Amino acid sequence: MEKKGSILMGKYELGRLLGQGTFAKVYYGILLKTGQSVAIKVIDKDKVLKAGLTNQTKREISVMGMVKHNNVMELYEVMATKTKIYFVMEYAFPPLEKVFLAKGRLKEDSARKYFQQLITAVDICHSRGVYHRDLKPENLLLDENGDLKVSDFGLSALTESKHQDGLLHTVCGTPAYIAPEVISRRGYDGSKADIWSCGVILFVMLAGHLPFKDSNLAEMYRKISLAEYKCPNWFPPEVRKLLSWILDPNPYTRISIAKIMKNSWFRKGLKSRQARTKAEDPEKVPLDFGSISDSSRNNIPTDMKLEVAKPTNLNAFDIISHSTGFDLSGLFVSNDQKDEVQFTSTKPVSAIISKLEDVARNLKLKVKKKDQGWFMRLEGTNKGINGILSIDVEIFEITSSFHLVEVKKSSGDSVYYQKMLRQDIRPALREIVWAWLGELQQDQKEI
Ligand code: ATP
Ligand code: MG
């Protein structure tokens, strides 16, 4: 239990408990330096240990720290102690769910506005290779302008286990928003599963009740898997049609986001509202890491506003990417130089490979390639005290235009390698690097 008024990592003052989910408690917090409000999600490491995170999900969390969009809850920073993980996020107002409770159902125009914002947020994250997998009203919050903020993007990875171990119905309430292919535990496409959930959310906003409901869970599953629902008589025909394309039990024929965005009901009022939001919303300054708003860095073909914060201090994204099963204990010994570093790149993989080959040539390192260069080993020729220097480089595709590259010493002298990394490799890679994932800060104490 976090104590009110205690100071987290010397940076944030913890305030009242805002809410509690399956794995996490969310507290109000204040960034001491500026007085800015934040929300701090505290997760017990033990509780997520079982989840056994995949590399893909760890990468998604890293990438989330770089996506900045008006309708995506911003993840400012991730911090960790031996037992807990802290996600510092933008502070927002109660979930949209509470708006439903107060109003019963929403007017068509309001429902459409939230739906547009939801789809926009989902589209942006999908274009970065990040899926939500747990879209539901509890994860839709509102900012002070009444705009939607989708929270927990990429974080659901942490709670994936609840889908896998049958906890679904006991712990997290209802599977009402979950796509049939996820329930039936077939391998699924995160993008299509998110689209289904958006359809359920649209239905709930307009109807004031769930499309698939039954006190008997098996019966509820059956209804979901057959998409058996009934639209209330006030649903306009265009909405019925759109819903029938979204709530298609077959993920392969289910409508895509691109098609939803072209739908005439969806598009209504879109242009003017976007123009207005842009004008009213002066550029936001990200919290603590150096801010860069440079649209030329990303080539996402969209007219939506997208800012990308280039992190200079992503310490615990790094922690998460590096620590198998969240065993962070190894990271608290004092080693301020790591033998493994990662960077992201918006260059095509061929450009990344040829740059790495250049660097190796200049440093007189031999290159051994595997998997057409997705894996490379750079080897020195001189046998030092600790053997021949050998550096492994692995490229991961996050999306076709966004890659994560891991550079790791696999043998040889650390001091020599660190010097080469600092003085030669890092500067030489500058033109292909979008962001280095930051170094771990050492003085993190538990509160
Ligand atoms: P689940 O455990 O299934 O993810 P959940 O989304 O409700 O459910 P949490 O994400 O842990 O669980 O959030 C708990 C509650 O904290 C939310 O329902 C919401 O009321 C509040 N909350 C979450 N994020 C924020 C935020 N950024 N600003 C303000 N309140 C928040
Ligand atoms: Mg949540």
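Start counting the sequence shown at 240; every next residue gets the next number (this note's numbering).
All C-beta atoms, glycine included, are put in the ideal place defined by N, C-alpha and C.
Just so you know, these numbers come straight off a predicted model, no measurement behind them.
- Beyond the five residues adjoining it in sequence on each side, Lys603 comes within less than 8 Å, by CB distance, of Gly619, Thr620 in the same chain, given in chain order.
- In the DSSP assignment, Leu445 falls within the unbroken alpha helix (DSSP H) covering 429–446.
- Exclusion of Met248 from the 7 Å shell around the ligand ATP follows from its C-beta lying no nearer than that to any non-hydrogen atom of the ligand.
- Note on geometry: alpha-carbon atoms of Thr359 and Lys605 lie some 46 Å from one another.
- Cβ neighbours of Ile279 within its own chain (closer than 6 Å, five residues either side excluded): Tyr266, Gly268, Tyr325, Val327.
- Distance from the C-beta of Met312 to the nearest heavy atom of the ligand ATP is below 7 Å.
- Environment of the ligand MG, chain-ordered: Gly260, Glu377, Asn378, Ser390, Asp391, taking every residue with Cβ within less than 6 Å of a heavy atom.
- Cβ contact annotation for Gly258 (same chain, cutoff 6 Å, sequence separation greater than five): Val265, in chain order.
- If you check the CB distance, Phe442 and Leu381 do not come in under 8 Å.
- Here the alpha carbon of Glu477 sits roughly 18 Å from the alpha carbon of Glu467.
- The alpha-carbon of Ile499 is positioned some 7 Å away from that of Phe505.
- Residue environment analysis places Glu420 among the buried positions, since at least 16 neighbouring C-beta atoms fall within 10 angstroms of its C-beta.
- Relative to the ligand ATP, the beta carbon of Tyr370 is positioned no closer than 7 Å to any heavy atom.
- With 16 or more other Cβ atoms from the protein chains shown falling within 10 Å of its own Cβ, Asp373 counts as buried.
- Residue environment: Tyr251 is assigned as buried (16 or more neighbouring CB atoms within 10 Å of its CB, all protein chains considered).
- Under the DSSP assignment, Asn601 falls in the alpha helix (DSSP H) whose first and last residues are 588–601.
- Residue pairing from DSSP places Gln275 in a beta bridge opposite Leu270.
- Distance from the CA atom of Pro490 to the CA atom of Ile634, rounded to whole angstroms, is 29 Å.
- DSSP places Leu509 within a helical segment (H, G or I) once states are collapsed to three.
- A distance below 8 Å separates the beta carbons of Glu329 and Lys388.
- In the three-state reduction of the DSSP assignment, Tyr251 falls in the strand class, which pools E and B.
- Gly304 has its alpha-carbon roughly 5 Å from the corresponding atom of Leu314.
- Distances taken from the Cβ of Glu670 to the heavy atoms of the ligand ATP include none shorter than 7 Å.
- When only Cα atoms are considered, Tyr460 and Pro334 end up about 26 Å apart.
- In this model, Ala418 and Thr583 are separated by some 31 Å (Cα to Cα).
- Less than 8 Å divides the Cβ of Lys647 from the Cβ of Glu579.
- When the Cα atoms are used, Val369 and Gly623 turn out to be separated by approximately 42 Å.
- Beyond the five residues adjoining it in sequence on each side, Lys594 comes within less than 6 Å, by CB distance, of Ile671 in the same chain, given in chain order.
- Under DSSP, Gln581 shares a beta bridge with Glu645.
- Annotation: Met444 to Glu336 spans about 9 Å, alpha carbon to alpha carbon.
- Pairing Arg344 with Gly447 gives a Cβ-Cβ distance under 8 Å.
- For Leu604, there is no enclosing beta strand (DSSP E), as DSSP gives it neither H nor E.
- For Ile485, the enclosing alpha helix (DSSP H) begins and ends at 476–485.
- Of all alpha-carbon atoms in Asp652, Pro414, Arg493, His642, the one lying nearest the alpha-carbon of Ile630 is that of Asp652.
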